[in-house]
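All remarks here apply to the structure that follows.
Residue numbers (my numbering): -1 to 160.
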């Protein structure tokens, strides 16, 4: 079934990289700004509250990709709000959990800290993953909030693949 979403996963990464190229920053307060508000809206989150938006960014990328390809995601927006919510979703969808290599472009991960991000490149025999992550300015005003990172597989609580 994951083959059905191969194109969605790949396009979701492309969407994420386009967003990274915009040099998105938090503006007007922590976890706020025009681009960030767009991610929150895509996940049906209230703009009246302050949210850690890492999972909402991933949902935005996947929802844009799925919409452009005429596909429906197997996860609802509210289930991507946080790493804990993704973990809860995975308990009902164990067939979506990735236990071993390869880790593929567009796989979604939840770190031990419950941060949510997306794998940018296939990983076959290394413990290092190249990722794209939202909510990365750590309340440091003016710093970019979307970043390409290198993560260690050992730091992952969960990896899922649609």
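Even glycine gets a Cβ: it sits at the ideal position worked out from N, Cα and C.
This structure is a prediction, so every number in the text was calculated from the model and none was measured.
Run through DSSP, which three-state label would residue i get?
| i | result |
| --- | --- |
| residue 1 | helix |
| residue 117 | strand |
| residue 38 | helix |
| residue 159 | coil |
Going by alpha carbons, who is nearest to residue i out of the options?
| i | options | result |
| --- | --- | --- |
| residue 88 | 131, 121, 159 and 11 | 159 |
| residue 31 | 50, 15 and 13 | 50 |
| residue 94 | 127, 8, 42 and 157 | 157 |
| residue 44 | 76, 14 and 113 | 76 |
| residue 109 | 34, 42, 90 and 82 | 82 |
In the DSSP assignment, find the unbroken alpha helix (DSSP H) run with residue i in it and report its ends.
| i | result |
| --- | --- |
| residue 67 | 52 to 67 |
| residue 86 | 81 to 90 |
Within a Cβ cutoff of 8 Å, which residues of the same chain sit near residue i, ignoring the five residues on either side of it in sequence?
| i | result |
| --- | --- |
| residue 129 | 107, 115, 116, 117, 118, 146, 147, 148 and 149 |
| residue 19 | none |
| residue 6 | 60, 63, 64, 67, 69, 71, 104 and 160 |
With a threshold of 7 Å on Cβ separation, who are the neighbours of residue i within its own chain once the five nearest residues in sequence on each side are excluded?
| i | result |
| --- | --- |
| residue 142 | 21, 22, 23 and 135 |
| residue 96 | 105, 157, 158 and 159 |
If you follow the beta strand (DSSP E) that residue i is in, where does it begin and where does it stop?
| i | result |
| --- | --- |
| residue 107 | 106 to 109 |
| residue 131 | 126 to 131 |
| residue 146 | 145 to 150 |
Short of 6 Å in beta carbon distance, which residues of its chain neighbour residue i, apart from the five on each side in sequence? Order them along the chain.
| i | result |
| --- | --- |
| residue 55 | 37 and 132 |
| residue 9 | 63 |
Every unbroken alpha helix (DSSP H) within the stretch 1 to 32, with a cutoff of 4 residues, ordered by chain: Listed in chain order, the complete alpha helix (DSSP H) runs (minimum 4 residues) inside the stretch 1 to 32 are 4 to 19.
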